[in-house]
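The structure appears below as structure tokens.
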Amino acid sequence: MEFQLLGPVRAFSDGRQIDLGVRKQRFVLAMMLLDANKLVPAERLVELTWPDEAPRSARGVIHTHISRLRSVLNAADAERHGVALISDGPGYMMKCDPKRIDVNKFMELCAEARGCADEEARIRVLDEALALWDGPALASVAAEEVRTRLTRHLDEARLLAMEERIDAHMRLGRHAEVIHELTELEAQHPYRQQVVGQLMLALHRSDRGPDALTAYQKLYHRLDHELGVEPAPALRDLQTRILRDDPSLKLNPREKVKSGPRQLPPDVDHYIGRSRHIEEICDLLIPRTDDVLPVVAITGKPGLGKTALAVKAGRKLVAKFPDGQLFIDLHGNGPRPRDPSEVLARFLRDLGVDGADVPSTLEERVGLFRDRTAGRRILVVLDNAATEKQVRLLIPGNSECAVLITSRRRLTGLDMRKLVDLDVLDQADALALLTDLVGAERLADGDVHAQRIVDLCGGLPLALRIVGTKLRSRPHLTAASLAERLEDERTRLDELVGGDREIRASFLLSYDSLDEEHQRAFRLLALMPDNGLPPWAVAAVLDVDFRTSERLVEDLVDVNLVEAAPGRYRFHDLIRLYAQEKLAGDDERDEARIRLINAYLYLGKRADALLDFGGLYQFEPPPFTVDTPGVFDEIDRGPAVWLDHEYPAILEAIEYAAASGKDELTCQLSATVAAFFELRAQWADLKRVAELSLAAAGRFSSPYWTAYALFAVGLAARETRDFRRAEESFRAGLKILPQANDPLLEVVTLLSVGVAERLQGRWDEAAKYFDGCLSVLEALDKPRWRAYTLRESGVLDRYRGNWERAEQRLREAVETFERLGDQRWIGASLRELGIVRRGVGDLTGSLEILQKSRDALRGAGDLRREGAALRCLAETHRALGELDEARACAVRGLDVLELTLDSHGLACTQIVLADVLMDMGDIDGARIQLDKGLKALSVSGDPRWHGKALLTHARHLTISGHTAEADAATAAARQMLSDVGAYEAEHIAAVSKG
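Those letters in the sequence shown? Residues -5 to 988, by this note's numbering.
See the structure below:
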């Protein structure tokens, strides 16, 4: 078992990370580990955990954290690893091997380094020690004041180790190599005079005397203006000696040791996450016995931290490559990527070749570079590569070396051990990074605003660093107010600017590296909806042939500006906002959008025509011109599945058309998804598009589209039990139908009105509408719609107890659907027929038919009606006295209906289950189901099921001994069921005796 405190607080058991729980719990563990094998008083833990004011329950909370940590560690086999967290009188003790804690490892390695006689050995040991750090000690678990108090000695030890390592390099004559690292250190620790002294000496020895004196002047003014003090005497003396060009400052040539360059930049501070990637890269880059030089490339979209990851991994590998580490930025995202010949010249000079001896031709430089790296273990880090051609010539020929590349391109033409495809940080790591940057004292565990910031930054490390630094440097700025600013898509990229860091600038580099054809593609793809676009839609929006569109978008995938998923392309949210900015000034924007919408209109109409209740409308869409393979077959195989993926794009197109005043297009697009929304019971979506369509139809005075939209509005209202709105819409639709001149639309409307009347208990009115529907169908060759109507009319006959006519109509409906091969409606009609057979006393026949209904509906994927079939099966099993089977069917029905939006069906099933549970003697369980179901049905507007629920309620009251209340419930049920003419009214007396 290993423990890490030099960064985020972590624990590992046999290589697997242990979940240590919430922030305060991790902090308590850190306190115990800092004083491992010592008694830590509980008062100290309380004081450090709540530095301002501890709550009265603090001791209890600490004890809870200790108990949970003990459980977590024991579950990770702590005993086997010799780890124990024990209570001991007034405090607690963590027993473990000190070498298992990275803090102790670090201190031991630092002490070992100071005892090394050899400078190279000293550097290797210090590199190993510094590689243990993964950000500030105790990152993200403590308020900054407490963290500093506890880890000041560790931070100082880390700085001292870095200075000692730089001194060792300078003693080996590597002055130029350490300048970059010293400059970064000086920026991070502007008052650290030792660092400034090292920087001055390195610059002076690199023949940069004026720069050395400038570094001194900067420190002098900083100390004088801000603290009112002068630099230390030793530093003042160094300045004087540099001014005099003191020969003793020059390194004695005899002291120089031939060794390789050490060019890796310093680690990024506040580095969180990517531990799996670091381990994988390190493992891949270690030379093997197969004589193949390991090459690994890191790719990913802008802002992911590819360079930081490469440096992190490179620093962990320093000991494996003692002969040097070469690092260079190849400027692959800029307008002028570095020429490989120039890079080789620099590498050769870094490897000890005198400038005058560097060959003039590229071929000779490649040969000499491979000669100088032969027999040596050198890590080459090629940052920000442009192309495979640029990189290929910079790879050594020696298999003991290794090459690590970063690039926004995927470099698919390069032979490599692995391409590491970097993605955004997951939610946990992104939150940890933001917390580490801002400070745990300002971002509490579970801060919803912090989580929203992470979401709005899309988990992009660069964006998180910008907002984190902004929050840290502006105490008045809260996470809530920043999250609110980021919510506005129009200005989100403006908020993601901090100093010389800017998300937009990072994206611009990638955009500017594209040629005109690819820039156009990038801009136009900003029209894609949130869930992306399929390949055929890319071709439509770009107005090119399918093969060309595929090439263009895959090229954008290769440079990590577009993400690819199976059958779909999409943008990262922030890149999409940038693409939309670029699109705003593009004259082709509106034309491209219409191309995309027209393609969806054509394909949506084709899919809709294959759905139940689809294909009702009258219009001819623009032709589909994309030469894409397979899209028609995909739709024909599964129109509903196709619409599952594509309806968000059609919804977005409807909103655009409505807002742009394209009224006829609004109506046409809305019609392509109406039947789909009915199938999926997405009533809110149906209501939205129907209302947009109704308003649009009114603006261009179309009786047909007005009638269609009124039908859709009424349907959505009916299914959500808004019967007043449904009645208003249906009646308005019936009034305008004659002008629409569409008999099939008349059939659909009459049928829908009939169902609405039936649901409200107005059964005589419902019968008139069903009969009117059948009358219109006499003149039409529409067997499917006749079967729909027969089924709905048969249901009404069933409600009234007219079993003979109900069976006749339902059997005819089943036969028609069987001829049409429609499993969904075979199953739906069989369900009604099964209820009829139960009504006439044929329980065996009912069971057999209902089982067929359930299987057909399950096969058709109709969860709503499958749940209803299971409810009916439960009722038949109950009538047969098979109570276990009845309960199983009812419970399964509830499970299925929970997956749908059918709250009415769920409530009906709860009532059935309540009756079954009462039969089984589970009165309390029955009460739970009854209360839920009765509450929903009492406001459903369905008098028949409300009356049936009251009967079940009366039965429960009777069993519970509340006779008067039971009689009142029975009377209310009798009245309700009698008013609608339900056959159940005749049997109330028998049922109430239960």
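All C-beta atoms, glycine included, are put in the ideal place defined by N, C-alpha and C.
Being a predicted model, the structure only gives us computed values, none of them experimental.
As assigned by DSSP and simplified to three states, the class of residue i
{"i": "residue 607", "result": "coil"}
{"i": "residue 293", "result": "strand"}
{"i": "residue 972", "result": "helix"}
{"i": "residue 421", "result": "helix"}
{"i": "residue 979", "result": "helix"}
{"i": "residue 191", "result": "helix"}
{"i": "residue 1", "result": "coil"}
{"i": "residue 12", "result": "coil"}
{"i": "residue 80", "result": "strand"}
{"i": "residue 914", "result": "coil"}
{"i": "residue 513", "result": "helix"}
{"i": "residue 48", "result": "coil"}
{"i": "residue 766", "result": "helix"}
{"i": "residue 830", "result": "helix"}
{"i": "residue 320", "result": "strand"}
{"i": "residue 777", "result": "helix"}
Cβ distance (whole Å) where residue i is taken to contact residue j below 8 Å
{"i": "residue 1000", "j": "residue 411", "result": "In the structure as shown, the chain begins at -5 and stops at 988. Residue 1000 is therefore absent and cannot be evaluated."}
{"i": "residue 577", "j": "residue 583", "result": "5 Å"}
{"i": "residue 907", "j": "residue 885", "result": "7 Å"}
{"i": "residue 362", "j": "residue 376", "result": "Contact flag wrong, Cβ pair sits at about 18 Å."}
{"i": "residue 447", "j": "residue 428", "result": "7 Å"}
{"i": "residue 897", "j": "residue 930", "result": "6 Å"}
{"i": "residue 535", "j": "residue 521", "result": "6 Å"}
{"i": "residue 134", "j": "residue 2", "result": "6 Å"}
{"i": "residue 221", "j": "residue 187", "result": "Not a contact, Cβ separation roughly 12 Å."}
{"i": "residue 827", "j": "residue 804", "result": "4 Å"}
{"i": "residue 287", "j": "residue 390", "result": "7 Å"}
Buried or exposed by the 16-neighbour rule on C-beta atoms within 10 Å, applied to residue i
{"i": "residue 777", "result": "exposed"}
{"i": "residue 887", "result": "buried"}
{"i": "residue 250", "result": "Interpretation of residue 250 is limited by its pLDDT of 46, a score under 50 that renders its predicted location unreliable; no figure is taken from the coordinates."}
{"i": "residue 735", "result": "exposed"}
{"i": "residue 223", "result": "exposed"}
{"i": "residue 59", "result": "buried"}
{"i": "residue 397", "result": "buried"}
{"i": "residue 951", "result": "buried"}
{"i": "residue 121", "result": "buried"}
{"i": "residue 244", "result": "exposed"}
{"i": "residue 505", "result": "buried"}
{"i": "residue 96", "result": "buried"}
{"i": "residue 958", "result": "exposed"}
Proximity winner among the options, relative to residue i (alpha-carbon distances)
{"i": "residue 171", "options": "183, 468, 195", "result": "195"}
{"i": "residue 478", "options": "299, 912, 444", "result": "444"}
{"i": "residue 867", "options": "853, 856, 842", "result": "842"}
{"i": "residue 309", "options": "540, 373, 393, 329", "result": "373"}
{"i": "residue 784", "options": "624, 744, 616", "result": "744"}
{"i": "residue 345", "options": "64, 254, 93, 406", "result": "254"}
{"i": "residue 333", "options": "304, 281, 386", "result": "386"}
{"i": "residue 862", "options": "875, 901, 268, 838", "result": "901"}
{"i": "residue 84", "options": "638, 680, 33, 102", "result": "33"}
{"i": "residue 94", "options": "23, -3, 188", "result": "-3"}
{"i": "residue 588", "options": "618, 716, 670", "result": "618"}
{"i": "residue 313", "options": "505, 119, 102, 257", "result": "119"}
{"i": "residue 166", "options": "25, 256, 106", "result": "256"}
{"i": "residue 795", "options": "974, 737, 903, 933", "result": "974"}
{"i": "residue 414", "options": "405, 602, 690, 556", "result": "405"}
{"i": "residue 819", "options": "798, 179, 857", "result": "857"}
{"i": "residue 909", "options": "944, 895, 938", "result": "944"}
{"i": "residue 723", "options": "629, 700, 737", "result": "700"}
Proximity test, Cβ basis, 9 Å: residue i and chain B
{"i": "residue 952", "result": "Absence of chain B from the displayed structure is noted, only one protein chain being present."}
Task: Segments of 3+ residues assigned as beta strand (DSSP E) that fall wholly inside the region 541 to 628 - done: Runs found: 557 to 559, 562 to 564.
Open item on the list: Could you tell me which whole alpha helix (DSSP H) segments of length 4 or greater appear in the region 669 to 732?
Closed with: Correct list: 677 to 693, 697 to 713.
Task: Runs of alpha helix (DSSP H) lying entirely within the region 330 to 380, each at least 4 residues, in chain order - done: The region 330 to 380 contains, as complete alpha helix (DSSP H) runs of 4+ residues, the segments 334 to 344, 356 to 367 (chain order).
Open item on the list: Quick check on the DSSP output: what are the complete beta strand (DSSP E) runs of length 3 or more inside the region 387 to 471, in order along the chain?
Closed with: If one requires a minimum length of 3 residues, the beta strand (DSSP E) runs lying completely within the region 387 to 471 are 396 to 401, 412 to 415, in chain order.
- [ ] Would you mind listing the alpha helix (DSSP H) stretches within the region 71 to 159 that are 4+ residues and don't spill past its ends, in chain order?
- [x] Listed in chain order, they are 96 to 108, 113 to 124.
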